Every structure is written in C-alpha cells, then in structure tokens.
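Okay, so here's the structure we're looking at.
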Amino acid sequence: MKAFIAVLFAALCFEALNAQCPEPDTLQDAEGNKLCARMFQHSSYYYDQSCQGKVLDVYPGEDYPILTWAWDNRISSLVVAKSCSLTVWSRSKKEGSKKTFSAGIAYHLKDVKDGLFGDWNDSISGYYCTCRM
Ligand SMILES: [Ca+2]
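Residue numbers for the sequence shown follow our numbering, beginning at 199 and rising by one.
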C-alpha cells in the first residue's frame with residue numbers, strides 16, 4: 199500500500215510544462231479524465247504564467263483533510279473545473295479558516311483575502327472537491 203501511494207504521489211507531482219493556467223471548461227488530467235480542480239505550487243505576477251511549479255490534480259469527490267508535507271501551505275494558484283467547487287481549509291483536519299472556490303481560475307491566492315490581514319497564498323492545508331454530475 200505504501201509503495202502504491204508513493205507511485206501515485208510521484209505521478210501527481212509532475213511540473214507544469216506550460217505555466218499558463220488551464221481553462222475551467224476543459225480541465226482534465228494527462229489521460230483525459232475529468233478533474234475537479236488543479237492546484238499549483240507557484241503563481242506569477244504575469245497572469246499568463248501564473249500556474250507554475252508542481253501540479254496537484256484533484257478528482258471529483260476527493261476529500262483530503264490533511265495534505266502531505268510536500269503540499270501543505272504551498273499552493274499559490276488553482277483552477278476549479280466547470281460545475282465543480284473546491285473547499286479549502288487553512289489548517290489540517292478542516293480547522294482554521296475555510297473558503298469555497300467555484301468554477302474559475304484563482305491566478306493569485308495572495309489576492310484572495312483570509313480575514314482582515316491574511317490571504318490564501320501558501321496557506322491551504324486541506325481540501326474537499328465536488329462536482330455536479
Ligand atoms: Ca507556493
């Protein structure tokens with residue numbers, strides 16, 4: 199089981215070849231399966247390069263209250279697929295602040311406020327993603 203998780207994790211960890219954020223209407227994985235969301239390690243000042251670094255593919259119905267160390271507090275941009283919504287938490291086990299993103303592109307999580315002074319850049323520690331069928 200551990201080996202399987204390691205392989206799966208490696209597969210999910212490819213780097214974005216094209217830093218342009220994918221379109222919510224056509225979001226799919228490398229094999230053509232429908233995704234619920236895709237999250238990225240880095241963003242950029244330039245909108246057309248704002249989905250950079252490591253890529254985390256999120257499938258419909260995925261519920262991860264605890265992120266691995268490789269992703270905890272690292273996500274800087276994300277795309278939510280059409281008809282889907284992604285709920286994130288700022289602390290693991292669905293604690294801390296909570297925010298729901300509907301279909302669309304969040305180019306800069308730095309610009310998404312969390313309370314009065316905080317923002318969501320490098321702040322996501324858990325997520326749940328769901329799509330209307
Ligand atoms: Ca980051």
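Every residue gets a Cβ at the ideal spot worked out from N, C-alpha and C, and that includes glycine.
Please read these numbers as outputs of a predicted model, since none were measured by experiment.
Open item on the list: Quick check: residue 263 and residue 290, are their CB atoms within less than 9 Å of each other?
Closed with: yes
Open item on the list: Please tell me whether, using a cut-off of 8 Å, the distance from the CB of residue 240 to the nearest non-hydrogen atom of ligand 1 is below it.
Closed with: yes
- [ ] Pull up the distance between the alpha-carbon of residue 306 and that of residue 255, whole angstroms please.
- [x] 18 Å
Task: Backbone secondary structure at residue 307 - three-state DSSP - done: helix
Open item on the list: Between the alpha carbons of residue 235 and residue 246, how many angstroms are there, rounded?
Closed with: 18 Å
TODO: Rank 273, 266, 293, 286 by C-alpha distance to the C-alpha of residue 249 and give the top, closest one.
DONE: 273
Open item on the list: At a cut-off of 8 Å, would you count residue 227 as near ligand 1, judging by its Cβ distance to the nearest heavy atom?
Closed with: no
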